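See structure below.
Right, here's the structure in full:
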């Protein structure tokens, strides 16, 4: 675990990719601490701010190093759970299996909200398992804090509720003392309350965003979506690990099992089933079932040791190889992208170049105000052009924001004079079409094949909603 984490940190030192749009947005959040943000709860911003204060830097390395460090901590927490539930051998295998999961490998390179979510969930499970064996006010408080931390990381923690309730109802040994349960609930509620209040004060913007990306308002049942999501899970945790989870779940559903196996099944399988249903009815991304794989990893390791011990070694070999390749890929991202060999890596390249090219054009035109209607462009501009004297704005409607930038950085009504408007679409003002000051077509990276349009516009054009 430590060796792979060190390898990930070393390769991060030679990373040639840009921040992804979400990473750049999380960094911007960290510059203005709050109890909530447009699309996510605040934990990731707090973590990035803490790392920035500790390191004294906002470089990509220090932003992304949070991933491997938190995953290492998650693996250690899982080992503690395994030690209490099983034995040292299971604990060791649980640690190395978790740290080499393909999904963990990817989020060790590109930082995401899943990382702190899984950490707090592992800590919560460790505390909960202790409480199944003895009463403790201190551990109950720790459980409540961990649950609050998970909620403040990502609302996906709520997917755990149905399975958790089933486990409590059906597995007597998985129950904790009522006193400890109420203490944990009280502490967790107190920890979650600031974010809930923030949402109420901001017209439930995060909840609405979650509803929008889940497509709950426009259901379109299609079996292929569910099958695609389900199949993707073999890639998220590796084929052997996911198959082991399914085998264990089948055994419990068909024949029952001892309490530890039942508890772990109910803390993992319902999440996979719920998100598969979501993918069938509307839309779901492959990582939305991430909360299933804290308990799921323990379940897979225990199952493999009993039914196919060699499977643990084969899984480690397969997932370990993938993990090493994923960690190394960003080092060679530029030549790989230029060769056209990887469309995936394109998403992480070419973003800062567009920002720098736009800044150079603005400087040539004598402009300090830059506006865009594109979330990807705005995200990178705020990061890449930080501290260089440019004022950056979003052209969207702050009363009906479609992004954090629309919400917090709209074009001010007091802005007068010319601005540089940058977009991937032609611009139209109420007065008629405008000739672009420049256009260019990147040959590599995220904007490969697209045209970047840059206009010198009067701020009044954008203030009247004339941009497309």
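In this note's numbering, the protein residues as written are 1051 to 1518. Even glycine gets a Cβ: it sits at the ideal position worked out from N, Cα and C. A quick note: this is a predicted structure, and the numbers were derived from the prediction, not measured.
Can you give the Cα-Cα distance for residue 1301 and residue 1324, rounded to whole angstroms?
CA-to-CA, the gap between residue 1301 and residue 1324 works out to about 20 Å.
Identify, in the order they occur along the chain, each residue of the same chain with its Cβ nearer than 8 Å to the Cβ of residue 1084, setting aside the five sequence neighbours on each side.
Closer than 8 Å at Cβ, skipping near neighbours: 1092, 1095 and 1248.
Residue of 1399, 1435 and 1430 minimising C-alpha distance to residue 1412:
Comparing Cα-Cα distances from residue 1412 to each of 1399, 1435 and 1430, the minimum goes to 1435.
When DSSP labels each residue in this structure, what does residue 1490 get in the three-state scheme?
In the three-state reduction of the DSSP assignment, residue 1490 falls in the strand class, which pools E and B.
Pull up the distance between the alpha-carbon of residue 1307 and that of residue 1353, whole angstroms please.
Distance from the CA atom of residue 1307 to the CA atom of residue 1353, rounded to whole angstroms, is 12 Å.
Determine the DSSP secondary structure at residue 1521, reduced to helix, strand or coil.
Because the chain here runs from 1051 to 1518, residue 1521 falls outside it and cannot be looked at.
Inter-residue spacing [alpha-carbon to alpha-carbon] between residue 1103 and residue 1344
Taken atom to atom, the span from the alpha-carbon of residue 1103 to that of residue 1344 is near 30 Å.
Extent of the continuous beta strand (DSSP E) to which residue 1471 belongs:
Note, residue 1471: beta strand (DSSP E), 1468-1473.
In angstroms, rounded to a whole number, what distance separates the CA positions of residue 1204 and residue 1211?
Straight-line Cα distance between these residues: approximately 14 Å.
In whole angstroms, give me the CA-to-CA distance for residue 1313 and residue 1221.
Rounded to whole angstroms, residue 1313 to residue 1221 spans 7 Å at the Cα level.
Hey, out of 1196, 1340, 1206 and 1374, whose CA is closest to residue 1127's CA?
When each option's Cα is compared against that of residue 1127, the closest is 1196.
Cβ neighbours of residue 1139 in the same chain (closer than 8 Å, five flanking residues each side left out)
Excluding sequence neighbours, residue 1139 sits near 1355.
Less than 9 Å between the C-beta atoms of residue 1350 and residue 1292, yes or no?
Taking the C-beta atoms as reference points, residue 1292 is found nearer than 9 Å to residue 1350.
Residue ranges of each beta strand (DSSP E) run of no fewer than 3 residues wholly in the stretch 1072-1140, ordered along the chain?
Runs of beta strand (DSSP E) with 3 or more residues, each lying fully within the stretch 1072-1140, are absent.
Are residue 1318 and residue 1150 closer than 9 Å when you measure CB to CB?
Against a cut-off of 9 Å, the Cβ pair of residue 1150 and residue 1318 comes out as no contact.
Cα separation between residue 1117 and residue 1467?
One C-alpha to the other measures close to 43 Å.
Nearest-angstrom Cα separation, counted from residue 1071 out to residue 1520
No answer is possible for residue 1520: the residues shown for the chain start at 1051 and end at 1518.
Chain-order list of residues whose beta-carbon lies under 7 Å from that of residue 1062 (same chain, five-residue window excluded)
So the list reads 1111, 1114 and 1115, once near-sequence residues are dropped.
Less than 8 Å between the CB atoms is what I'm expecting for residue 1181 and residue 1190, so what's the real figure, rounded?
Between residue 1181 and residue 1190 a beta carbon distance of about 6 Å is seen, short of the 8 Å cut, so the two are scored as contacting.
Can you give, in chain order, each stretch of the alpha helix (DSSP H) that sits fully within the stretch 1230-1315 and has at least 4 residues?
Listed in chain order, the alpha helix (DSSP H) elements of length 4 or more contained wholly in the stretch 1230-1315 are 1255-1264, 1273-1286 and 1289-1305.
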